[in-house]
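Here is the structure we will look at.
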Amino acid sequence: MTVYTKTITAGLALLLAGAPLVGTVSADDMGTSDGTVHFENADGSLAFADVDDITFGNIDLTSLSDFEPIATNNESGVVEIEQTAANPSGTYEIKVQQTDDWKNAGSKFVNKGDLPIQYNGGSLSESQTFLSSTAAPGRGVSKQVFNHNSGEFSLDLRGTGDLSSGLNKDLTSEVTWTLELTV
């Protein structure tokens, strides 16, 4: 089995009194972010080509009626897998997990467990399956939209954790995508 990982940064600004709750995700490498995504393809058969940002848009916390707001690009965000072998075989699985707390300029402000990102109703504090047991795609790039199986990326605002330290700050949290190929 070959495992590839891709880490992206989820950004969020928590504001009150009619101000928006804004979230975006930007490409990041496992190391220090320079705005570039780096992928390695050890066996030359299947790897991430690209993963779109996850965007939460603007959410007014003073008039919020849904405590699980959905990502604004849930229907358009794409995970791209590139097949480079001439005759692909096997199956693959893609998992996604929130791998860091919410931070501002490197300082922690909100625990990831207090403000978890969810996929398909499951907290990304634990790894969630995005795609499973699918035959390897044909040569070239294969795309899956975020809601390919009616799943949704959302924020879980139902918890009891204290989010006040994150108010009026731009926050970021890492999300890691893992691709496992079984030949």
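Going by the numbering used here, the sequence shown opens with residue 192, and the numbers climb by one from there.
Virtual Cβ for every residue (Gly too), placed ideally from N, Cα, C.
Being a predicted model, the structure only gives us computed values, none of them experimental.
- Between the segment 285 to 300 and the segment 352 to 360 there are three or more C-beta pairs closer than 8 angstroms, enough to call the two in contact.
- In summary, V287 is buried, with 16 or more beta-carbon neighbours lying within 10 Å of its beta-carbon over all protein chains present.
- Going by DSSP, N338 is part of no beta strand (DSSP E) at all; its letter is neither H nor E.
- In the three-state reduction of the DSSP assignment, S356 falls in the helix class, which pools H, G and I.
- It is roughly 4 angstroms from the alpha-carbon of V366 to the alpha-carbon of Q289.
- Apart from the 5 residues on each side of it in sequence, V332 sits with its Cβ closer than 6 angstroms to the Cβ of A240, E271, E273 in its chain, given in chain order.
- Classified as exposed, K334 has fewer than 16 neighbouring CB atoms from the shown chains inside 10 Å of its CB.
- Each residue's CA atom was taken as its position, placing T282 and S316 some 25 angstroms apart.
- Under DSSP, N295 shares a beta bridge with S298.
- Just so you know, the alpha carbons of K360 and S280 end up roughly 47 angstroms apart.
- Close CB contacts of K294 within its chain, under the 6 angstroms cut and outside five residues either way in sequence, are with T363 (chain order).
- Our two residues, E266 and V374, have alpha carbons roughly 30 angstroms apart in a direct line.
- In this structure, the alpha-carbon of A262 lies about 10 angstroms from that of F337.
- Short of 7 angstroms from the beta carbon of T325, and not among the five residues preceding or following it, lie these beta carbons of its own chain, in chain order: T282, Y283.
- Taking the C-beta atoms as reference points, F344 is found no nearer than 7 angstroms to I285.
- Cα atoms of L346 and P307: separation of roughly 6 angstroms, rounded to the nearest angstrom.
- In the DSSP assignment, V242 falls within the beta strand (DSSP E) that extends over 237 to 242.
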